[in-house]
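Numbering (this note's numbering), first residue to last: 37 to 167. Report on the following structure.
Below, the structure is given as structure tokens:
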């Protein structure tokens with residue numbers, strides 16, 4: 037009995053399924069890497085928003101103290117205490133309070149750890165006006 041002749045088209049298809057699987061795995065891996073990159077950016081944006089919120093709360097705290105004392109010229113001990121609080125609450129932070137008559141400018145700047153060294157510091161500036 038003679039063996040059945042092989043179909044030449046079937047022989048040329050050998051290994052195609054394996055290549056299709058490898059291409060599918062490659063595309064899936066690229067998609068997962070893209071999602072990981074998006075997640076990392078979202079986390080950085082969340083941390084930046086948290087720092088901005090913390091800076092706004094600290095500036096509001098000092099503005100409230102000025103309103104309660106009815107003066108923008110706070111005692112140096114109270115200013116230093118607030119500046120220490122800013123420096124401990126935000127990474128690489130510095131704060132300045134510039135009184136001018138019945139107004140005061142509060143500036144807080146900080147550097148997020150995730151930012152490049154050449155990037156500009158984040159800054160929040162607000163002005164307090166007392167009647």
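Cβ atoms here follow ideal geometry from the backbone N, Cα and C, with glycine treated the same way.
Taking DSSP's pairing of strands, which residues face residue i in a bridge?
i, result
"residue 59", "According to DSSP, residue 59 bridges with nothing at all."
"residue 147", "According to DSSP, residue 147 bridges with nothing at all."
"residue 163", "141"
"residue 158", "146"
Rounded to the nearest angstrom, how far is the Cβ of residue i from that of residue j, given a contact under 8 Å?
i, j, result
"residue 145", "residue 154", "Rounded, the Cβ-Cβ distance is 16 Å, inconsistent with contact."
"residue 143", "residue 161", "5 Å"
"residue 165", "residue 134", "Residue 165 to residue 134, Cβ: 13 Å. No contact."
"residue 163", "residue 141", "5 Å"
"residue 118", "residue 104", "Contact doesn't hold; Cβ gap of about 13 Å is too wide."
Nearest CA to the CA of residue i: which residue from the options?
i, options, result
"residue 100", "147, 88 and 115", "115"
"residue 156", "129, 63 and 71", "129"
"residue 167", "60, 132 and 107", "107"
"residue 127", "105, 147 and 137", "147"
"residue 102", "136, 87 and 66", "136"
Cβ contact (3+ pairs, closer than 8 Å) linking the region 78 to 96 and the region 107 to 117 = Short answer: they don't touch.
Which runs of the alpha helix (DSSP H) fall wholly inside the region 80 to 145 and span at least 4 residues, in chain order?
-> The qualifying runs are 112 to 125.
Taking one C-beta from the region 72 to 86 and one from the region 113 to 128 each time, how about it: are there three or more such pairs within less than 8 Å?
-> No contact exists between the region 72 to 86 and the region 113 to 128.
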